[in-house]
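Numbering (the UniProt record's numbering), first residue to last: 1 to 169.
Where a beta carbon is used, it is the ideal one built from N, C-alpha and C, also for glycine.
Fair warning: this is a prediction, and the values are worked out from it, not measured in the lab.
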């Protein structure tokens with residue numbers, strides 16, 4: 001669970017206190033850690049654009065927010081990103097499980113997996129791709145500060161190889 005633990009510790013150490021999450025198999029260990037933490041509010045969402053709306057409201061209420069999701073949700077969230085986050089300059093941290101790349105077993109995930117980096121670029125969302133738990137920790141710490149400097153989301157994209165750290169004994 002080393003990969004999920006690094007993300008969790010970085011979120012805690014970055015004072016992220018409000019998370020909206022959309023279930024993904026890769027995020028299950030991370031979500032369990034967050035659910036056990038009484039100092040972090042986690043609101044499960046049914047769709048990613050719903051999570052964007054909830055986190056926008058939480059930010060306006062003074063919370064430091066993050067969204068946990070898989071990459072396919074960016075496609076159905078572009079309007080919320082453009083009309084809400086861009087217009088009103090709302091920062092949030094995006095922890096994204098990159099589906100549809102290496103080791104993907106579900107063919108329907110592959111198109112969005114190939115397009116995700118281009119979509120994030122079109123949305124002008126700075127994107128970082130940690131390869132190790134140590135790098136994930138550092139990048140989340142930097143990104144959680146940077147999102148406030150730019151008043152906009154910052155994304156961390158975690159590929160299939162990253163989640164193998166959760167399989168280590």
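Straight-line gap, residue 134 to residue 6 (C-alpha atoms, nearest Å): Straight-line measurement puts the Cα of residue 6 at about 7 Å from the Cα of residue 134.
Inter-residue spacing [alpha-carbon to alpha-carbon] between residue 63 and residue 18: Taken atom to atom, the span from the alpha-carbon of residue 63 to that of residue 18 is near 6 Å.
Terminal residues of the alpha helix (DSSP H) in which residue 9 lies: In this chain, the alpha helix (DSSP H) harbouring residue 9 covers 2-13.
Exposure label - residue 57; buried when at least 16 CB within 10 Å: Label assigned to residue 57: exposed.
Residue 136 to residue 126 span [Cα, whole Å]: Taking the straight line joining both Cα atoms gives about 15 Å.
Burial state of residue 159, where buried means 16 or more other Cβ atoms lie within 10 Å: Burial call: buried.
7 Å Cβ shell around residue 14 - same chain, five flanking residues per side excluded: For residue 14, the CB contacts under 7 Å within the same chain, skipping 5 residues up- and downstream, are 140, 141 and 144 in chain order.
Spatial neighbours of residue 119 in its chain, beta-carbon cut-off 6 Å, leaving aside the 5 residues before and after: Excluding residues within five positions, the ones whose Cβ falls inside 6 Å are 74.
Bounding residues of the alpha helix (DSSP H) (the contiguous stretch that carries residue 67): Note, residue 67: premise wrong, no alpha helix (DSSP H); beta strand (DSSP E) at 65-70.
Classification of residue 87 by the beta-carbon crowding that lies within 10 angstroms, buried from 16 upward: Per the 10 Å Cβ criterion, exposed.
Cβ pair residue 36, residue 80 closer than 9 Å: No; because the gap between Cβ atoms is not below 9 Å, this pair is not in contact.
Same chain, Cβ closer than 6 Å to residue 10, neighbours up to 5 away in sequence not counted: For residue 10, where only same-chain residues beyond five positions count, the Cβ hits under 6 Å are 137, 140 and 141.
Element boundaries [beta strand (DSSP E), containing residue 97]: That run of the beta strand (DSSP E) goes 93-97.
Reference residue 1, options 124, 121, 26 and 154, closest by Cα: Cα-wise, what sits closest to residue 1 is 26.
Buried versus exposed, by CB contacts within 10 Å (16 or more), residue 154: With 16 or more Cβ atoms within 10 Å of its Cβ, residue 154 is classed as buried.
Cβ pair residue 116, residue 30 closer than 9 Å: Remark: C-beta atoms of residue 116 and residue 30 do not approach each other more closely than 9 Å.
Integer Cβ distance of residue 162 from residue 3, believed to fall under 8 Å: Your pair residue 162 and residue 3 checks out as a contact, with CB atoms roughly 6 Å apart and the cut at 8 Å.
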